[in-house]
Each structure stands twice: as C-alpha cells, then as structure tokens.
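Student:
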Amino acid sequence: MDRDVVETVSLRWLRRLVIAAFLVVTVFPFYYMLMLSVRPIERLLLDPGSLVVGFGELTVATYAEVLKATADGGQGFLTFIRNSGLVAVAATVLTLVVAIPGAYAVARLRFFGRRQVDFLFLAVYLFPSIVIAIPLFVVFTRAGLRGSLFGLVLVYISQTLPVSVYMLKNYFETIPVSLEESAAIDGAGRLGIIRRVSLPLAMPSIMAVALYDFMIAWNEFLFALLFLVDKPDRWTVSLGLSLLADGVEVPKTVLMAGSVVLTLPIVILFFASERLLTEGLTSGAEKG
Amino acid sequence: MTTTAPGPGRSPTRERPAPARRRPLTLRRRESRAGLALVAPTLLVTIAVIGIPIVWTVVLAFQRVRLATLRKTGLFGEFTMDNIDRVLHTPGFASTLWTTLVYSLGGTVGSILLGLVAALVVRRPFRGRTLVRASMLLPYVAPVVAVTFVWQVMLDPQLGIVNDWGQRLLGWDAPVPFLSQESTALATVIVFEAWRYFPFAFLFLLARLQAVPGELEEAARVDGATPTQRFRHILLPQLLPVIALLGVLRFIMTFNKFDDVYLLTGGAAGTEVVSVRVYEFLTARTDIGAAAAQAVVLAVVLIVFVLIYLRFFGRRVG
C-alpha cells in the first residue's frame with residue numbers, strides 16, 4: 015500500500031470519528047442541562063453519573079418553581095422573560111431602523127468621510143465594553159436611567175449597531191448597481207430606490223441581522239448586571255438566572271430548568287433560521 | 037418581491053418634475069448629502085453611547101472619583117496621576133495582566149484550532165451535514181449564563197458527571213474541583229473559551245474552504261499529492277489570511293471578555309482577568325477613578341499588542 019491509500023483510508027475513518035466527537039462535545043452539555051432540569055435533586059445526588067431519566071422520576075416541579083411569580087413562592091421568571099423579550103425586540107427593531115440607512119450609505123453613496131466611518135465601526139466593535147461601561151454607569155446613575163429598561167435598550171443598540179452595519183453593508187455591496195440605476199432612470203428618488211429596490215433584495219440579510227441582534231440582546235449579561243441589579247422586577251432572564259445561583263441554596267436542578275428557559279428561545283430561533291444565519295454571518299468573510 | 041425595475045424604454049410610472057431651484061445640485065453633491073443624512077443616525081448613536089464614554093473613561097482615569105462623591109465631581113475637576121499610579125502598584129496588577137494574556141492566547145489558539153478541524157471534517161457533503169453544522173454552532177449562540185452554569189454543574193466535585201465518570205471509569209482517586217483550585221482553574225476556563233468560540237472560527241474557515249477552487253486540489257491529486265500534502269501545500273496557504281484575521285479578532289475579543297470568567301469562577305483561583313478586576317473596582321469598591329484607570333490600562337495594552345501583531349502579519353490580515 016502506498017502512502018496515498020493509507021492516508022485516504024485512515025483519514026476517512028478519522029473524519030467520522032472526529033465528527034462524532036464534535037457532536038458529542040457540542041450537544042452533550044445541552045442534553046445534560048435538559049436532563050437535569052427534569053430530575054428531582056435527590057435522584058441527582060444519588061446517581062450523578064446517569065445519562066437517562068427514568069420515566070418514574072420525571073418531574074416538572076423545577077419549571078414550576080422557576081416560572082411562578084415570587085409572590086407565589088416561585089422565582090418569577092415569567093416577568094424576566096417578558097423583560098428580556100421586550101428589551102431584545104426593541105433593541106433589534108431600533109438597531110435596524112438606524113443601521114439600514116447607515117449601511118446603505120456606506121455601501122453605495124460617496125460622501126465625505128465614508129472611509130473613516132467604515133473604520134470607526136470596526137474599531138468600536140472591537141473596543142472593550144468594560145471601558146464603555148464605566149461612564150455609562152456614571153451617566154445612567156446621574157440621569158436616573160439606571161434600573162430602567164430603556165437605558166438598557168440604548169446600550170444594546172450601541173452594542174449591535176457596528177456589526178449590523180458591517181453585515182448589511184457587505185450585503186448591499188453585492189446588489190448590482192444597475193438595478194438601482196434603472197430605477198433612477200425611471201424617476202425613482204433615492205428613498206424610493208432604497209424602499210422599492212434595495213430593501214426587498216436585502217431582505218434575507220436583514221432577517222439574518224435581526225436574528226443576530228436579537229440573540230446578542232437576549233444573551234447579554236454585563237450591562238444588565240451593571241444597570242438593573244437593584245431592581246428585581248426589571249431583571250432579564252440572564253441576570254435573574256445568574257443571581258438565582260448566588261442566592262440562598264437553590265437546587266442545581268432548578269438552576270438547570272432556568273437555563274433551559276433561557277436557552278430554549280434562542281435554540282428554537284436558531285434552528286428555524288440556521289441557513290439564513292450561517293450565510294449572513296459569513297457574508298463578509300469571503301471578501302478576505 | 038415588490039421590485040419594479042422595468043427596463044429602459046417602458047414608460048416610467050412616475051415622472052418627477054425638475055426642481056425649480058436657483059442652482060440645482062449636481063448629482064454628485066446630492067449623493068454626498070444623501071449619504072451623510074443616511075449615515076447620521078448611526079454616527080450619532082455610536083458617538084453618544086460609545087465615543088463619548090470612551091473619552092470620558094480616559095478623563096475619569098485621571099480624576100479622584102468615587103460613587104459616593106460622584107454628584108459633586110464636575111467633568112473637569114482636578115487632574116491627578118493617583119489612579120494610574122495606584123492601579124500599577126496595587127498588588128496583583130502584574131499577575132492579572134499575565135493571566136489575561138495567557139487566557140487570551142490560549143482561548144484564541146484553542147478556538148482557531150478546533151474551528152479548523154471542524155471546518156475540515158464537514159467540508160464535503162455527507163448525510164446529516166446541515167444538522168451537524170448547526171449543532172456545532174450551538175455553543176456560540178447559546179446564552180453565556182446558561183452554558184457557564186452547565187459547565188459548572190458538569191464539573192462540580194459532588195454532583196457533576198465529569199467527576200463521577202472520572203472516578204468510576206478513569207480511576208481518579210478524588211473528585212477534581214476544576215474551577216476552584218489554582219492548578220486547574222485557568223486551564224479549564226481556557227478550554228471553555230475554546231469550546232464556546234470555536235464555532236466563530238469554524239464559520240469563517242468553512243466559508244473560505246468552500247471558496248477554494250476544486251481544480252487546485254484536483255491538480256495536486258493528479259500530481260500525486262497525498263491528502264495531508266494537499267492540506268499542507270494547497271489548503272493551508274489559502275486559509276492563512278483568514279487564520280491571521282481570526283487570530284487578531286479572537287485575541288481582541290477574548291482579551292476584553294468579562295462574562296465567561298466572571299460567571300465561571302468569579303475571578304477566583306488565579307483566573308482574575310483585567311475586565312473582572314475593573315468590575316470589582318467599579319462595584320465592590322465603588323472606586324470609579326481606579327476602575328477607569330484600570331480600563332484605560334487594559335485598552336492601551338490591547339492596542340499595543342494589536343499594533344505589534346499587525347506589524348508582523350499586517351499584509352496577511354489586510
């Protein structure tokens with residue numbers, strides 16, 4: 015056997031093995047999370063190594079505890095879900111309203127300072143958010159915005175804006191200029207062109223960006239922690255869950271139920287739109 | 037699709053009367069104005085919520101500010117080098133910086149290596165590929181609070197599955213407190229970082245791999261190159277620019293990372309990175325001046341590293 019055959023055959027098997035390993039490593043933690051969330055804590059303590067939940071020990075009491083309002087002895091996650099949803103949707107919509115015209119301008123229009131604007135967004139995207147957090151903490155404390163969901167939305171917009179502009183810009187650049195020119199010849203103004211030609215064509219990319227922004231806002235932790243920690247009724251799911259772990263002894267299974275509640279919307283959203291997202295995320299990568 | 041892009045020649049649906057101005061703007065100037073108008077909201081938000089705070093942090097770093105005295109301090113109060121001096125000479129500063137560096141380098145290299153392997157194995161179509169690819173992105177899209185909790189529970193010395201299996205199947209003598217002992221905590225955090233962010237590298241590398249023309253590999257195969265040789269001499273050179281770019285992106289992002297370490301260990305057991313330290317200054321000690329100074333030092337160190345990197349790999353990244 016020559017080297018080529020040996021390599022080809024062994025690599026074929028290695029490849030299958032590696033794929034299987036990756037699947038286990040990426041999916042297992044989520045399976046473990048789900049499994050623990052439906053087991054009673056006593057069972058977990060008895061047998062921490064088991065991989066399956068016996069049918070008899072299946073419980074949803076953990077979820078009941080997590081979701082019930084604090085007044086009823088639960089952890090009030092329903093309120094947190096509402097807060098998170100509200101903040102994430104508002105941040106996504108507002109980001110798009112601001113980012114779409116901005117991205118279009120950077121992609122299409124020649125204006126003074128265009129290159130600098132482009133660079134600015136990249137620089138901002140890569141700047142440590144903890145650096146921004148300090149003055150925002152100060153300003154929000156002074157302006158009474160600390161503890162308000164509106165303040166958080168404002169911060170999230172700034173966090174998602176640079177990436178959104180960058181991704182949308184790359185997409186707008188792929189739309190043939192000739193389409194817009196023919197619309198212009200037909201008498202459409204600049205806004206008309208954007209609304210009737212560019213926007214419909216960019217819809218897939220806009221959806222991908224919207225999903226991406228929603229995920230960032232839903233998952234965000236640092237700013238929620240800094241701004242909302244004193245106001246339990248305004249907590250987001252991420253914040254509520256992390257503080258639940260600090261509190262008085264809460265069983266790990268309840269924590270896992272909370273984690274599932276936090277993760278599930280994102281995972282559903284992600285699998286529903288996987289193609290859109292992977293293509294949207296890397297649309298800038300091919301340009302090198 | 038609501039596009040109406042009729043070819044020239046067909047009658048236009050809407051005629052626009054020429055504006056009766058004294059001096060009509062040229063197309064070029066109109067374009068420039070439209071561009072500025074459209075980009076203005078984006079710029080405004082960015083400057084207001086990011087630009088000004090950055091400048092302000094630098095100002096705060098040179099002022100004596102605590103949360104209690106905040107209301108009395110003006111924007112341009114007395115300037116002092118105290119904070120910087122204090123930050124540089126507080127015990128633990130150097131070790132925090134070192135930890136951050138090790139953590140960033142480890143996380144960057146780990147995530148890129150894993151991402152590269154992942155991209156190589158799912159490059160060619162096979163049954164269930166879409167599902168495999170989607171699953172590989174899970175660590176990256178899932179909320180950080182949830183995944184850090186799962187890791188904590190999995191690695192827990194009493195009820196974690198890793199220690200249970202380790203003791204039963206691998207013959208460990210005692211449970212290993214992965215996240216709370218000095219010898220393993222930092223390494224565990226780095227592994228977590230590689231696990232959570234390899235999908236980022238995976239996506240970029242996969243996109244690049246798919247753009248490599250098939251004829252290149254085919255030609256090499258005809259010339260008798262084995263699979264590993266084809267990887268070394270055909271694919272790797274094509275991937276290097278992306279790897280270089282990923283290197284700088286991931287390094288910057290990991291260097292700035294707060295959530296992961298804070299949630300996994302809270303900065304204990306030798307895992308205190310700079311951003312966690314800034315947070316401690318800001319909330320536990322409410323020493324805003326010191327927090328700002330620490331943050332500025334973080335940013336400056338980062339900028340220096342990136343400049344050095346770009347100096348060496350600049351052409352590749354561009």
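Chains as they are written, first to last, in the numbering used here: chain U, 15 to 302; chain H, 37 to 354.
C-beta atoms are modelled at their ideal positions from N, C-alpha and C, and glycine is treated no differently.
Source: prediction; values computed, not measured.
Quick one: measure Cβ to Cβ for U/T76 and U/A271, integer angstroms, because I've assumed they're closer than 8 Å.
Tutor: If you number the first sequence from 1, residue 76 of chain U lands on position 62. If you number the first sequence from 1, residue 271 of chain U lands on position 257. With 8 Å as the limit, U/T76 and U/A271 qualify as a contact, their Cβ atoms being about 4 Å apart.
Student: Does any C-beta atom of chain U lie closer than 8 Å to the C-beta of H/P48?
Tutor: Against the second sequence, residue 48 of chain H aligns to sequence position 12. Note that H/P48 scores a pLDDT of 43, beneath 50, so its modelled location is shaky; the value from the coordinates is reported in the next line. Yes, its Cβ sits closer than 8 Å to a Cβ of chain U.
Student: To the nearest angstrom, how far is it from the Cα of U/E21 to the Cα of H/W187?
Tutor: Taking the first residue of the first sequence as 1, we reach residue 21 of chain U at position 7. Taking the first residue of the second sequence as 1, we reach residue 187 of chain H at position 151. One C-alpha to the other measures close to 36 Å.
Student: Going by the beta-carbon positions, is the gap between H/L74 and U/G206 smaller than 8 Å?
Tutor: Residue 74 of chain H sits at position 38 when you count from the first residue of the second sequence. Residue 206 of chain U sits at position 192 when you count from the first residue of the first sequence. No. Outside cutoff.
Student: In chain H, what lies closer than 7 Å to U/G116 by C-beta?
Tutor: In the first sequence, counting from the first residue as 1, residue 116 of chain U sits at position 102. Within 7 Å Cβ-Cβ: L74, V75, P77 and T78.
Student: Flag this pair as touching only if the stretch 326-334 of chain H and the stretch 305-316 of chain H have three or more C-beta atom pairs under 8 Å; answer yes or no.
Tutor: Contact holds: three or more Cβ-Cβ distances are below 8 Å.
Student: For a test of the three-state rule: what should DSSP assign to H/L133, helix, strand or coil?
Tutor: To locate residue 133 of chain H, count along the second sequence from 1; it is residue 97. Here H/L133 sits in helix by DSSP.
Student: Tell me, please, whether the stretch 192-210 of chain U touches the stretch 121-141 of chain H by the rule of three or more beta-carbon pairs shorter than 8 Å.
Tutor: No, the stretch 192-210 of chain U does not touch the stretch 121-141 of chain H.
Student: Looking only at its own chain, which residues have a Cβ that is under 8 Å from the Cβ of U/M49, when we skip the five neighbours before and after it?
Tutor: Within the first sequence, residue 49 of chain U is the residue found at index 35, counting from 1. If we look at U/M49 and ignore the five residues flanking it on each side, its Cβ neighbours are L65, V66 and V67.
Student: Taking Cβ-Cβ distances shorter than 7 Å, what residues in chain H pair up with U/K266?
Tutor: Residue 266 of chain U sits at position 252 when you count from the first residue of the first sequence. Result: V189 and L195.
Student: For U/G261, count neighbouring C-beta atoms within 10 Å of its own C-beta (all shown protein chains included) and say buried if the count is 16 or more, exposed if not.
Tutor: On the first sequence, residue 261 of chain U is found 247 positions in, with the first residue counted as 1. It counts as exposed.
Student: How big is the Cα-Cα spacing for H/A255 and H/V91?
Tutor: Residue 255 of chain H sits at position 219 when you count from the first residue of the second sequence. Residue 91 of chain H sits at position 55 when you count from the first residue of the second sequence. Spanning the two alpha carbons is a distance of roughly 55 Å.
Student: Taking CB distances under 8 Å as the criterion, tell me whether U/T277 reaches chain H.
Tutor: Translated into the one-based positions of the first sequence, residue 277 of chain U becomes position 263. So, interface residue.
Student: Of the residues that make up the stretch 83-104 of chain H, which ones have a beta carbon closer than 7 Å to any beta carbon in chain U?
Tutor: Within the stretch 83-104 of chain H, the qualifying residues are V85, I86, P89, I90, W92, T93 and L96.
Student: What ranges does the alpha helix (DSSP H) occupy inside the stretch 248-274 of chain H, keeping only unbroken runs of at least 4 residues that lie completely in it?
Tutor: Counting only runs of 4 or more, we get 250-258 and 263-266.
Student: Less than 8 Å between CB atoms is the rule here; does U/L255 satisfy it with respect to chain H?
Tutor: Locating residue 255 of chain U in the first sequence gives position 241, where the first residue counts as 1. Yes, because at least one Cβ of chain H sits closer than 8 Å to the Cβ of U/L255.
Student: Kindly indicate if chain H contains any beta-carbon less than 8 Å away from that of U/M229.
Tutor: Walking along the first sequence from the start, residue 229 of chain U turns up at place 215. Judged by the 8 Å Cβ criterion, U/M229 is in contact with chain H.
Student: Given that H/I344 touches chain U, what residues does it touch there, using C-beta distances under 7 Å?
Tutor: For the purposes of this step, residue 344 of chain H is taken as residue 308 along the second sequence, with counting starting at 1. Correct list: empty, because the minimum Cβ distance to chain U is about 16 Å.
Student: Just curious, the alpha helix (DSSP H) that U/L50 is in, first and last residue?
Tutor: Along the first sequence, read from residue 1 onward, the residue named residue 50 of chain U stands at position 36. Per DSSP, U/L50 belongs to the alpha helix (DSSP H) from R17 to S51.
Student: Since U/V120 meets chain A, which of its residues come closer than 7 Å, beta carbon to beta carbon?
Tutor: Protein chains in the displayed structure are U and H, and chain A is not among them.
Student: At a CB distance below 7 Å, what residues from the stretch 58-72 of chain U approach chain H? Give them in sequence order.
Tutor: From the stretch 58-72 of chain U, only L58, L59, P62 and G63 have a Cβ closer than 7 Å to chain H.
Student: Could you please give the first and the last residue of the uninterrupted alpha helix (DSSP H) stretch that includes H/M117?
Tutor: Start at 1 with the first residue of the second sequence, and residue 117 of chain H comes out as number 81. Neither: H/M117 is in no alpha helix (DSSP H) and is coded neither H nor E.
Student: Would U/V251 and U/S51 be called neighbours here (beta carbons separated by less than 8 Å)?
Tutor: Position 237 of the first sequence, counted from the start, is the residue given in the question as residue 251 of chain U. Position 37 of the first sequence, counted from the start, is the residue given in the question as residue 51 of chain U. The answer is no: Cβ separation not under 8 Å.
Student: Can H/R165 and H/V158 be called in contact, C-beta distance under 8 Å?
Tutor: Sequence index remark: in the second sequence, residue 165 of chain H carries index 129 (1-based). Sequence index remark: in the second sequence, residue 158 of chain H carries index 122 (1-based). Yes, these two residues count as a Cβ contact at 8 Å.
Student: For the pair the stretch 273-286 of chain U and the stretch 167-180 of chain H, tell me if three or more CB-CB distances fall below 8 Å.
Tutor: Touching, yes, given that three or more Cβ pairs across the two stretches are closer than 8 Å.
Student: Within 8 Å of any Cβ in chain U, is that where the Cβ of H/A155 sits?
Tutor: For the purposes of this step, residue 155 of chain H is taken as the residue at position 119 of the second sequence. No - not a single Cβ of chain U is within 8 Å of the one on H/A155.
Student: Would you tell me roughly how many angstroms separate the C-alpha atoms of H/L242 and H/V248, rounded to the nearest one?
Tutor: Mapped onto the second sequence, residue 242 of chain H falls at position 206. Mapped onto the second sequence, residue 248 of chain H falls at position 212. C-alpha separation (whole angstroms): 10 Å.
Student: Identify, in the order they occur along the chain, each residue of the same chain with its Cβ nearer than 6 Å to the Cβ of H/T307, setting aside the five sequence neighbours on each side.
Tutor: The count along the second sequence starts at 1 and reaches residue 307 of chain H at position 271. These residues qualify, in order along the chain: A221, L222, V225, V297 and T301.
Student: If you drop the 5 nearest sequence neighbours on each side, which residues of the same chain put their C-beta closer than 6 Å to that of H/L152?
Tutor: If you number the second sequence from 1, residue 152 of chain H lands on position 116. Around H/L152: L241.
Student: To the nearest angstrom, how far is it from the Cα of H/E253 to the Cα of H/L275?
Tutor: Working through the second sequence from its first residue, we reach residue 253 of chain H at position 217. Working through the second sequence from its first residue, we reach residue 275 of chain H at position 239. So the two alpha carbons sit approximately 14 Å from each other.
Student: Residues of chain H with a CB under 7 Å from the CB of U/A113: which are they?
Tutor: On the first sequence, residue 113 of chain U is found 99 positions in, with the first residue counted as 1. T78, listed in chain order.
Student: Please state if the CB of U/A105 and the CB of U/Y170 are separated by a distance shorter than 8 Å.
Tutor: Along the first sequence, read from residue 1 onward, the residue named residue 170 of chain U stands at position 156. Along the first sequence, read from residue 1 onward, the residue named residue 105 of chain U stands at position 91. Yes, the pair counts as a contact, with Cβ atoms nearer than the cut-off.
Student: Just confirm the distance between the C-beta atoms of U/L100 and U/L92, as a whole number of angstroms; I'd bet it's less than 8 Å.
Tutor: Taking the first residue of the first sequence as 1, we reach residue 100 of chain U at position 86. Taking the first residue of the first sequence as 1, we reach residue 92 of chain U at position 78. Not a contact, Cβ separation roughly 13 Å.
Student: Give the interface partners of U/E232 over in chain H, defined as CB-CB distance under 8 Å, in chain order.
Tutor: To locate residue 232 of chain U, count along the first sequence from 1; it is residue 218. Note that residue 232 of chain U is Trp in the sequence shown, not Glu. Within 8 Å Cβ-Cβ: P179.
Student: For U/R29, return the contacting residues in chain H, with the cut-off set at a CB-CB distance below 7 Å.
Tutor: As a position in the first sequence, residue 29 of chain U is number 15, starting the count at 1. Within chain H, the residues near U/R29 are V157.
Student: In this structure, does DSSP put U/A202 in helix, strand or coil?
Tutor: Your numbering for residue 202 of chain U matches position 188 in the first sequence. Looking at U/A202 - three-state DSSP - the assignment turns out to be coil, as it is neither helix nor strand.
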